[in-house]
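I have placed the structure first, in the form of structure tokens, so that the comments after it can refer back to it.
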Amino acid sequence: RLGWGLHDRGVALSVLSELTGVAAERVRPVTAAGLTLLHIAPPLRGGPQAVVKNVLDRTGALFGLLALAPLLLAVALSVRLSSRGPVFHRQVRQGQHNRPFTMWKFRTMVADAEQLKAQLAVVNEVDGPLFKMRSDPRVTPVGRMLRRTSIDELPQLLNVLLGHMSLVGPRPPLPEEASRYDEREHRRLAVKPGLTGLWQVSGRSDLSWQETVSLDLWYVDNWSVAADMGLLARTVRAVTDGRGAY
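The opening position of the sequence shown corresponds to residue -14 in the numbering used here, with each subsequent residue numbered one higher.
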């Protein structure tokens, strides 16, 4: 009766569904056996949009490496001259379908950072399998600046060019992190990891582990080329304000 009365007065009704984690673009009403149902399109795993995403990744990474070459060279010299150790930090990460790859970053920590990590485990400031500290004593002065501006991540453009990563996607986990994933968390590996993503533009290290997982799973299930373009634009703002970067 309430519905009839509202309709008679030209008032539209909104019906609450129990769907969560599904973008509106994936949902459309269909009729079957006289019933109105909600059809949910499967997440994008292939097709034209995946091809476009791959082309944009490779061309964007190549253009970025060429355009940023002077900056990359200047940063490399700063890292090399400011502290003992190599210019780049190479680390095995888990990519799409849990395939390992070597990820590149500018080195932001002292040379023996991995050996010191075990001693600092008791002061880890995040939950879940991650390790984060706001004032990590292993980070060098130059490294702190690179982290705040996210410049330390730029060598990953090479990973994008080689097809290990995408410009946009979930954060690539360490092998020991991925080995602790439950079934839900493991779905983060259904797509290529990204240089940036929802986690990076939504607070980065200020987020809890569960918040990070929820954002990454939303992306895994609802990504599109248009959404990627929006996330790349938001990344510029996130890097500018530096929130959650440490």
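A virtual CB, placed ideally from N, CA and C, is assigned to each residue, including glycine. Since this is a predicted model, take the numbers as computed values, not measurements.
Taking the C-alpha atoms as reference points, what is the distance between residue i and residue j?
i           : j           : result
residue 125 : residue 1   : 51 Å
residue 31  : residue 175 : 12 Å
residue -13 : residue 43  : 56 Å
residue 64  : residue 144 : 20 Å
residue 21  : residue -5  : 21 Å
residue 28  : residue 208 : 8 Å
residue 120 : residue 13  : 48 Å
residue 225 : residue 195 : 25 Å
residue 18  : residue 197 : 41 Å
The beta strand (DSSP E) with residue i in it runs from where to where?
i           : result
residue 185 : Where residue 185 is concerned, there is no enclosing beta strand (DSSP E), although the alpha helix (DSSP H) it sits in stretches over 183 to 186.
residue 225 : Run containing residue 225: none in the beta strand (DSSP E); it sits in the alpha helix (DSSP H), 210 to 226.
residue 90  : 85 to 91
residue 200 : Looking at the DSSP string, residue 200 is not in any beta strand (DSSP E); the run it does join, the alpha helix (DSSP H), is 194 to 207.
Residues in its own chain within less than 6 Å of residue i by CB, not counting five upstream and five downstream?
i           : result
residue 61  : 72
residue 76  : 88
residue 142 : 46, 49, 50
residue 154 : 176, 177, 178, 179, 182
What are the residues that DSSP puts in a beta bridge with residue i?
i           : result
residue 14  : 23
residue 124 : 94
residue 310 : Because residue 310 is not part of the residues shown, which for the chain are -14 to 231, the question remains open.
In chain order, what residues of the same chain lie with their CB nearer than 7 Å to the CB of residue i, ignoring the 5 residues before and after it?
i           : result
residue 8   : 207
residue 242 : The structure shown has nothing for residue 242, since the chain only spans -14 to 231.
residue 186 : 216, 219, 220, 223
### Query
Can we say the stretch 79 to 91 touches the stretch 140 to 153, given the rule of at least three CB pairs closer than 8 Å?
Enough Cβ pairs lie closer than 8 Å, so yes.
### Message
Under 8 Å, with one C-beta from each stretch per pair, do the stretch 53 to 67 and the stretch 191 to 202 reach the 3-pair mark?
### Response
no
### Message
With three or more C-beta pairs closer than 8 Å as the rule, is the stretch 159 to 179 touching the stretch 203 to 210?
### Response
With contact defined as three or more Cβ pairs closer than 8 Å, the stretch 203 to 210 and the stretch 159 to 179 are in contact.
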